[in-house]
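Using this note's numbering, the letters of the sequence shown correspond one by one to residues 1 to 158. Structure, as structure tokens:
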Amino acid sequence: MNNNSDKPRLELPALPPVIFGVPVLIGALIHVVVWRHGIIGGITGVVVGVILVLIGLWMIYWTWKVMRAHGEHPEPRIPTQTLVMSGPFKRTRNPIYSGFLLLAAGLAIALNAMAMLISVFFGVAALTALVIRREEAYLEHVFGDIYVKYSNRTGRWL
1 MNNNSDKPRL ELPALPPVIF GVPVLIGALI HVVVWRHGII GGITGVVVGV
51 ILVLIGLWMI YWTWKVMRAH GEHPEPRIPT QTLVMSGPFK RTRNPIYSGF
101 LLLAAGLAIA LNAMAMLISV FFGVAALTAL VIRREEAYLE HVFGDIYVKY
151 SNRTGRWL
């Protein structure tokens, strides 16, 4: 059994879904109350949106399964024991957050909500500034050159 008490811990201002979700919810509220500009509309928008939502959900699920198979937990405040570089981590260092992006963008497109779609990018910016950069510094501290080499060959987002 691993003892996590001696591992450094990642300090975050809030959980990543909250940091990402607040701007997206604000965008949805702006769409409902103030700015009802659409994106695609009709059945095409719904189909495209649903496909993106399903891909986002699948990506989050796949990442969770791969992390659990390596004995890791997706909760970023739990100390990391293993640098997972297989599965979705071969293509992106942040597959769960990329899943958030696809899910929220798909929902905005399906709902034909331009303000919500724009707000997804504010969610990405908030997540990058408040979570991802801290996670990257933490992982570099814990794994050193192994993480640096991994991050140099693998993109932050999709």
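Think of the CB as a built atom: it goes at the ideal place given N, C-alpha and C, for glycine as much as any other residue. From a predicted model like this one, the values you see are computed outputs, not experimental measurements.
Does the separation of the CB atoms of residue i and residue j fall below 8 Å?
i           : j           : result
residue 97  : residue 127 : yes
residue 85  : residue 39  : no
residue 80  : residue 139 : yes
residue 106 : residue 27  : no
residue 10  : residue 136 : no
Kindly indicate which three-state DSSP category residue i falls into: helix, strand or coil?
i           : result
residue 123 : helix
residue 63  : helix
residue 82  : coil
residue 87  : helix
residue 155 : strand
Report back the beta-carbon spacing between residue i and residue j to the nearest angstrom; my notes put them in contact at under 8 Å.
i           : j          : result
residue 76  : residue 16 : 6 Å
residue 154 : residue 99 : About 16 Å separates the two Cβ atoms, so there is no contact after all.
Which same chain residues end up closer than 6 Å to residue i when comparing Cβ atoms and leaving out the 5 residues on each side of it in sequence?
i           : result
residue 50  : 110
residue 112 : 38, 39, 41, 45
residue 68  : none
Alpha carbon to alpha carbon, how far is residue i from residue j?
i           : j           : result
residue 152 : residue 72  : 22 Å
residue 21  : residue 116 : 11 Å
residue 156 : residue 36  : 32 Å
residue 3   : residue 146 : For residue 3, the pLDDT reaches just 42, beneath the cut-off of 50, and the residue's location in the model is therefore unreliable, leaving the point undetermined.
residue 18  : residue 78  : 17 Å
residue 133 : residue 8   : 16 Å
residue 95  : residue 102 : 10 Å
residue 93  : residue 47  : 28 Å
residue 59  : residue 130 : 22 Å
residue 144 : residue 74  : 20 Å
residue 89  : residue 66  : 9 Å
residue 108 : residue 91  : 25 Å
residue 31  : residue 125 : 20 Å
residue 70  : residue 29  : 39 Å
residue 33  : residue 43  : 23 Å
residue 54  : residue 150 : 28 Å
Identify, in the order they occur along the chain, each residue of the same chain with its Cβ nearer than 7 Å to the Cβ of residue i, setting aside the five sequence neighbours on each side.
i           : result
residue 24  : 104, 116, 119, 120, 123
residue 82  : 70, 71, 72
residue 142 : 8, 80
residue 61  : none
8 Å is my cut-off, CB to CB: does residue i come that close to chain D?
i          : result
residue 35 : This model lacks chain D altogether; it includes just one protein chain.
Below 8 Å CB to CB, which residues in the same chain sit around residue i once its five sequence neighbours on both sides are set aside?
i           : result
residue 148 : 140
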